[in-house]
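>
Number of protein chains: 2
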Amino acid sequence: MVSQSLKQAFVGIVGAENVMDAEADKHSYSYDAAVLDPVLPALVVRPSEMDQVGRIVKLCNDNGLPLTVRGAGSNLSGGTIPSKGGIVLLSNALNKILEVNEEDMYAVVQTGAITAKFAAAVAAKGLFYPPDPGSQAVSTLGGNVAENAGGLRGLKYGVTKDYVMGVNFFDVEGNYCKSGSKTVKCVTGLNIPQLMVGSEGTLAVMSEFILKLVPPPQAAKSMMAIFPDIMTASRTVSAIIAAKVVPCTLEFMDNFTIGAVEGFAKVGLPTDAGSLLLIEVDGHPAQVAEEAEKVEAICKANGCTRIQVAKDAVERNKVWEARRAALSSLARLRPTTVLEDATVPRSKIPAMMQALDKIAKEYKLTIGTFGHAGDGNLHPTILCDRRDKEEFHRVEKGVDAIFEAALGLDGTLSGEHGIGLAKSRWMEKETNRASVLFSKRIKAAVDPKNVLNPGKILGE
Amino acid sequence: MVSQSLKQAFVGIVGAENVMDAEADKHSYSYDAAVLDPVLPALVVRPSEMDQVGRIVKLCNDNGLPLTVRGAGSNLSGGTIPSKGGIVLLSNALNKILEVNEEDMYAVVQTGAITAKFAAAVAAKGLFYPPDPGSQAVSTLGGNVAENAGGLRGLKYGVTKDYVMGVNFFDVEGNYCKSGSKTVKCVTGLNIPQLMVGSEGTLAVMSEFILKLVPPPQAAKSMMAIFPDIMTASRTVSAIIAAKVVPCTLEFMDNFTIGAVEGFAKVGLPTDAGSLLLIEVDGHPAQVAEEAEKVEAICKANGCTRIQVAKDAVERNKVWEARRAALSSLARLRPTTVLEDATVPRSKIPAMMQALDKIAKEYKLTIGTFGHAGDGNLHPTILCDRRDKEEFHRVEKGVDAIFEAALGLDGTLSGEHGIGLAKSRWMEKETNRASVLFSKRIKAAVDPKNVLNPGKILGE
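Read top to bottom, the protein sequences are chains B and U. For the first sequence, the residue numbers in UniProt numbering are 1 to 460. For the second sequence, the residue numbers in UniProt numbering are 1 to 460.
1) Jot down the residue ranges of each uninterrupted beta strand (DSSP E) in the region 129-173 of chain U, minimum 3 residues, whole runs only, in chain order.
2) May I have the straight-line CA-CA distance separating U:D341 from B:V187, to the nearest angstrom?
3) Any beta carbon of chain U sitting closer than 8 Å to that of B:A292?
4) Terminal residues of the continuous beta strand (DSSP E) containing U:N61?
5) For the region 177-197 of chain B, enumerate the residues whose C-beta is nearer than 7 Å to any C-beta of chain U, in chain order.
6) Does B:V122 pass the burial test, meaning 16 or more other C-beta atoms within 10 Å, or should it be called exposed?
7) Could you work out which residues of chain B lie near U:L413, taking near to mean beta carbons separated by less than 8 Å?
8) Note the first and the last residue of the continuous alpha helix (DSSP H) segment covering B:P350.
9) How many angstroms separate the CA atom of U:L6 from the CA atom of U:L211?
10) Which full runs of the alpha helix (DSSP H) of 4+ residues lie inside the region 233-304 of chain B, going along the chain?
11) What are the residues in the region 346-374 of chain U lying within 7 Å of chain B by C-beta distance?
12) Looking at the unbroken alpha helix (DSSP H) that takes in U:Q194, where does it start and where does it end?
13) Would you check if the region 244-261 of chain B and the region 362-382 of chain B touch, i.e. whether three or more CB-CB distances between them fall below 8 Å?
14) I'd like the span of the beta strand (DSSP E) that includes residue 474 of chain U, first residue to last.
15) What does U:Q287 reach in chain B if we use C-beta pairs closer than 8 Å?
16) Checking the sheet assignment: what are the DSSP bridge partners for residue 461 of chain U?
17) Just to confirm, are B:L36 and B:K26 a CB contact at a threshold of 8 Å?
18) Taking buried to mean at least 16 other C-beta atoms within 10 Å of its own C-beta, is U:Q8 buried or exposed?
19) Which of the residues in the region 438-452 of chain B, read from start to end, lie with their CB under 7 Å from any CB of chain U?
20) What does DSSP give as the partner residues of B:A107 in its beta bridges?
21) With distances taken Cα to Cα, identify the nearest neighbour of B:E290 among U:G283, U:D62, U:K125.
22) For the 8 Å Cβ check, are there 3 or more pairs between the region 170-182 of chain B and the region 142-154 of chain B?
23) Determine the direct distance from the alpha carbon of B:F10 to that of U:E391, and round the result to whole angstroms.
24) Does the contact criterion of 3 or more C-beta pairs under 8 Å hold for the region 399-407 of chain U versus the region 46-54 of chain U?
25) Who are the Cβ neighbours of U:D21 in its own chain at under 6 Å, not counting the five residues just before and after it?
26) Determine, using beta carbons only, whether U:A220 and U:V281 come nearer to each other than 8 Å.
27) Within 8 Å of any Cβ in chain U, is that where the Cβ of B:D37 sits?
28) Could you compute how far the alpha carbon of U:Y29 sits from the alpha carbon of U:P82?
29) Closest by CA to B:G64, which one among B:L89, B:A24, B:G85?
30) Using a Cβ-Cβ cutoff of 8 Å, what residues of the region 131-151 of chain U are near chain B? List them in chain order.
31) In or out: B:L59 buried (at least 16 other Cβ within 10 Å) or exposed?
32) Pull out every residue of the region 92-122 of chain B whose Cβ sits closer than 9 Å to any Cβ of chain U, in chain order.
33) Need the endpoints of the beta strand (DSSP E) that B:V88 sits in, please.
34) In the DSSP assignment, what are the bridge partners of B:F118?
35) Should B:E416 be labelled buried (16 or more other beta-carbon atoms within 10 Å of its own) or exposed?
36) Just grab the DSSP bridge partners of B:V69 for me.
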């Protein structure tokens with residue numbers, strides 16, 4: 001618990017208006033987008049200057065107070081659920097874009113900047129920041145780096161980690177540290193920038209990032225391919241990759257998800273389709289034309305019954321609007337949405353689809369599946385009601401079975417949502433005890449009092 | 001020192017034929033490609049099975065014996081110079097390519113496999129492993145990962161880190177650990193694979209890698225552009241990048257290097273040229289044609305006096321043969337070759353060139369400069385005789401000045417050669433004390449007895 005004098009120390013750093021401890025505030029910051037129990041923090045503090053961050057971190061460490069940094073709280077694995085009686089550090093006032101360098105194609109940006117706003121600022125200068133997590137309209141870059149967020153363009157452009165050139169951060173004692181460089185090549189010291197990527201706030205409090213930018217593609221073509229069932233679509237995914245075509249985006253939606261999207265967003269999806277692939281190729285116009293033709297031929301050869309090529313930007317936006325509406329459309333159907341992201345090598349997508357079907361039947365679950373098929377990164381989404389204990393028990397069994405299936409197919413627990421609180425007990429199963437211990441030693445070395453987002457990734 | 005009984009313990013693991021301690025052996029493994037004093041190890045051991053590696057590591061840790069892993073010894077920063085009385089673990093018998101997966105575009109390979117052989121095996125299956133460090137004909141993948149090796153294709157394709165999806169390794173106690181995945185997206189646990197990249201053997205002994213593969217480019221075009229002086233060429237580099245053309249390769253050679261290459265390799269370089277750019281664009285044929293035209297126009301607009309486009313594979317190979325001969329050609333001229341790789345943001349290349357010129361004059365040094373201009377990663381190469389104390393003192397001053405200049409231009413100590421023993425005293429200058437301490441804490445946590453390649457990166 002936080003004493004009055006300790007509270008006053010936080011007030012001394014950020015001012016009374018930026019220290020919140022009313023019940024409503026505590027509840028507001030007690031949960032994130034994961035289906036997990038809320039945990040009330042003692043205080044919520046909102047720094048607006050970077051030097052305040054270092055002082056907050058030091059104060060927490062000196063007093064053994066658990067500290068959880070929160071951007072937008074769109075985290076899907078519980079990474080931004082605070083510790084009981086701990087501090088939430090709200091990063092959303094630390095949102096400056098400090099530099100967009102066109103000549104050297106990098107940007108320097110503070111941790112609380114919103115992903116989509118940053119991408120738009122970059123685009124306004126004629127450059128491109130590709131990572132586009134589903135929550136980009138609200139998510140912060142700090143959250144993206146902490147979770148190594150993916151998105152729809154991962155197949156061709158990679159994920160957040162592929163754009164992180166440098167990370168500045170405060171160590172647990174509140175000292176300001178630098179890592180990485182503005183140069184495209186840098187091997188000075190341990191690869192701390194990349195250790196920070198995906199560390200979920202457990203190793204340091206990140207302040208600024210140096211992010212790589214790239215020239216935007218000259219052209220793009222979007223297509224919607226309709227399949228009679230799941231297997232024809234999932235085999236098509238493998239066939240496209242095997243043909244050495246790397247689309248920018250290669251997304252899947254099952255019949256259930258199609259129906260949910262159409263019921264909500266009304267974008268004209270064929271609700272009788274067994275499944276859909278949404279595909280975008282981009283690059284040089286000649287390459288785009290060729291790849292679009294190739295993709296079309298592969299779809300047809302693998303049982304696609306109809307393929308629609310977006311004729312203009314309006315039609316193209318419609319395709320992606322449909323995809324972006326998938327999660328929210330599904331979430332409307334039942335009180336609780338359990339969104340998973342177990343990931344398999346791409347060629348194992350058909351096998352994973354079969355496994356999901358079997359799991360849904362075995363545990364009598366409603367699962368809508370969509371996601372980044374081209375990455376092997378599906379989002380089986382279990383619709384349920386958490387208050388129904390019997391049902392939720394089946395959901396938990398089903399989630400376990402999904403992880404088992406993914407690992408059995410040479411896959412991984414999480415493609416892009418992180419481990420957080422939700423999956424830490426599974427860590428040893430994917431690797432082994434020594435591997436987890438290796439990470440625990442690193443954590444203990446840089447955070448000996450276990451102050452930085454305790455319990456995330458590695459468990460308690 | 002290693003007692004007879006301890007030596008017998010190593011013999012028990014790998015057999016007498018794989019434990020070497022003759023004076024000639026010790027001398028053979030006492031140095032690498034950096035200009036640093038040799039250090040004699042006590043024993044050289046050569047495992048050929050992975051489980052032997054774990055046992056060797058454990059034996060070293062149990063006995064507090066410094067352990068340095070050595071692939072080909074082509075390291076340019078002293079990373080493979082052993083500790084006095086320590087063990088050298090030769091990795092060159094651990095060289096199996098375990099899997100090249102065409103469907104999912106990854107490979108699994110042991111640490112001692114030779115880079116060029118691996119790339120050829122991948123190419124034989126119709127795929128592409130882009131990282132191509134200068135030493136690729138002899139260097140091992142383990143060395144490449146340990147140093148985060150770059151190469152000529154870094155500009156477009158990135159460096160070794162961009163291809164490392166997973167790293168299996170032995171921790172200092174000899175336990176086998178796994179990290180990363182065969183999936184293109186993986187956020188399960190801390191980003192240990194990337195922490196291993198560039199760690200120079202200081203954190204663990206790496207055993208196998210999961211490496212990302214990509215489809216090969218369909219077409220490529222190579223050009224040699226001749227400039228009257230250094231500044232016109234270096235301004236051209238910035239202009240190409242600013243035009244949003246990303247060549248696969250964009251290399252620079254100054255007049256001194258041109259003369260050295262021509263004197264040795266006789267490939268028909270214009271020895272009267274002030275400087276050269278060697279440029280390759282690749283990708284879709286239409287894009288290649290367009291980009292080649294753009295590059296040609298930019299070169300001419302910036303003062304290029306002549307541009308030769310390679311007409312066929314023979315001419316193309318000749319261009320790259322010339323570039324690949326640069327270091328060895330320079331090295332022939334004087335007894336000692338000090339090859340640096342301080343790196344700056346690309347737009348700062350002209351300023352860095354001016355700084356190098358000034359440094360050469362100030363310290364009366366012979367510097368031949370070539371390198372990856374498109375990455376801002378130059379290789380100023382100081383030709384000297386280390387036995388001449390007065391001269392070598394000037395060389396050391398000059399190297400310091402090169403680092404100062406790079407850091408002053410927002411650059412970094414090392415783009416691709418690593419810190420090793422050569423540059424560790426400079427680490428704090430680029431970052432700060434807290435940043436170095438952060439890394440030291442990690443090192444101490446995973447290697448409490450300081451057994452794993454002591455002194456590298458972070459100093460003693």
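Where is the CB? At the ideal position from N, CA and C, for every residue including glycine. These figures come from a predicted structure and were not determined experimentally.
Quick answer:
1) 164-170
2) 10 Å
3) no
4) Taken as a continuous stretch (DSSP letters only), U:N61 belongs to no beta strand (DSSP E), being part of the alpha helix (DSSP H) at 50-62.
5) C177, K178, S179, S181, K182, T183, V184, K185, C186, V187, T188, G189, L190, N191, I192, Q194, L195, V197
6) buried
7) T188
8) 349-362
9) 36 Å
10) 255-265, 285-301
11) R346, S347
12) 192-196
13) yes
14) With chain U covering 1 to 460 only, the question about residue 474 of chain U has no answer from this structure.
15) G283, H284, A286, Q287
16) An answer regarding residue 461 of chain U cannot be provided, because it is not within the stretch 1 to 460 covered by chain U.
17) no
18) exposed
19) F438, S439, R441, I442, A444, A445, V446
20) B:V100, B:L211
21) U:G283
22) no
23) 58 Å
24) no
25) L43
26) yes
27) no
28) 8 Å
29) B:G85
30) E147, N148, G150
31) buried
32) N101, E102, E103, D104, M105, Y106
33) 87-90
34) B:F118 pairs with nothing; no bridge assigned.
35) buried
36) B:L89
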